[in-house]
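J.:
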Amino acid sequence: MSLFVIADLHLSTDVATNKSMEVFGSRWTDYMSKIQKNWNSIVTENDTVIIPGDISWALRLEEATSDLAYIEKLNGKKFLGKGNHDFWWTTNKKMNEFFKASGFESLEVLHNNAFIVEGAVICGTRGWFPDESQQTAVNNADYDKIINREVGRLKLSLDAAKKLQAEYREQNGETLPILVFLHFPPVRGEYCIRELIDVLRDHNIENVYYGHIHNSYDTPRCFTFENIKFTIASSDFLNFYPLKIQ
530 MSLFVIADLH LSTDVATNKS MEVFGSRWTD YMSKIQKNWN SIVTENDTVI IPGDISWALR
590 LEEATSDLAY IEKLNGKKFL GKGNHDFWWT TNKKMNEFFK ASGFESLEVL HNNAFIVEGA
650 VICGTRGWFP DESQQTAVNN ADYDKIINRE VGRLKLSLDA AKKLQAEYRE QNGETLPILV
710 FLHFPPVRGE YCIRELIDVL RDHNIENVYY GHIHNSYDTP RCFTFENIKF TIASSDFLNF
770 YPLKIQ
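Those letters in the sequence shown? Residues 530 to 775, per the working numbering, in order.
Printed below as a string of structure tokens:
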């Protein structure tokens, strides 16, 4: 059993919400077929895949049904995180109820919580644009307010992860690593969201996986900032193959 990550599926299987991703480059041509083929070529039914945001172009949960059904049919257990384009996202309770009613048995929400999977504790949140000037596409939202909210969500997730880690250690005598999955990288070039980095450091996090970055294939696969290793998992960067976490 293995653990994988791939962000930014940007699914648009419903003709009513059809949206082309080719504006981000030729690599996106026929990308939904690539995702299905590549995913199932390396992920088995016994594996787990984390999807940290930008999952569907739908605007409401019901409109995301066909995209979620597409993910349901892919191999493995899937944990879904929130991205800046996931306008269909609602509360954990409503989504879990919707998954159950729709027969989506392999989908789980990763938001304000944590889970033990494949020898690790997983948790995370969306994060936000590391450079305030980049958020103009979302109607000039209150940058500081959003950052404070995401800091709170990250703390909730990490506190839940620490609790699971401690319980597992007490029962099994082994300390599982905590892996954090964000949609946005909290560090990008000269920009840094200090508040999020401080939370990660306070919780002694060593590995963070993120998405959001597209059509930037000279981006390093991994980089280290203040002893935290950051790994990009955007689907187009990975050529639409889920990345196996060692």
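By construction, the Cβ of each residue, glycine as well, lies at the ideal position given by its N, Cα and C atoms. These numbers come from a predicted model, not from an experiment.
With H, G and I counted as helix, E and B as strand and the rest as coil, what does DSSP make of N736?
T.: In this structure, N736 counts as strand in the three-state DSSP scheme.
J.: Specify, as a first and last residue, the run of the beta strand (DSSP E) that T760 falls within.
T.: Counting along the chain, the beta strand (DSSP E) containing T760 begins and ends at I757 to I761.
J.: So, for S745: in the same chain, excluding its five sequence neighbours on each side, which residues have a beta-carbon less than 8 Å away from its beta-carbon?
T.: F766
J.: Taking only three categories from DSSP, how would you classify K548?
T.: K548: coil per DSSP, three-state reduction.
J.: Rounded C-beta distance between T542 and S595? I'm assuming under 8 Å.
T.: 4 Å
J.: Can you name, in chain order, every residue of its own chain whose Cβ lies under 6 Å from the Cβ of F644, other than the five neighbours on each side?
T.: I651
J.: Reducing DSSP to helix, strand and coil, say where G610 ends up.
T.: strand
J.: For P771, which residues does DSSP report across the bridge?
T.: Within the DSSP secondary-structure output, P771 pairs in no beta bridge.
J.: Sorry if obvious, but does the Cβ on Q663 come closer than 8 Å to a heavy atom of the ligand ATP?
T.: By its list of ligands, the structure shown contains no ligand whatsoever, and the ligand ATP lies outside what it can speak to.
J.: Quick check on the burial criterion: 16 or more other C-beta atoms within 10 angstroms. Buried or exposed for E634?
T.: exposed
J.: Just verifying my parser: in three-state terms, what is the DSSP assignment at R717?
T.: strand
J.: Per DSSP, which one or two residues make a beta bridge with A643?
T.: C652
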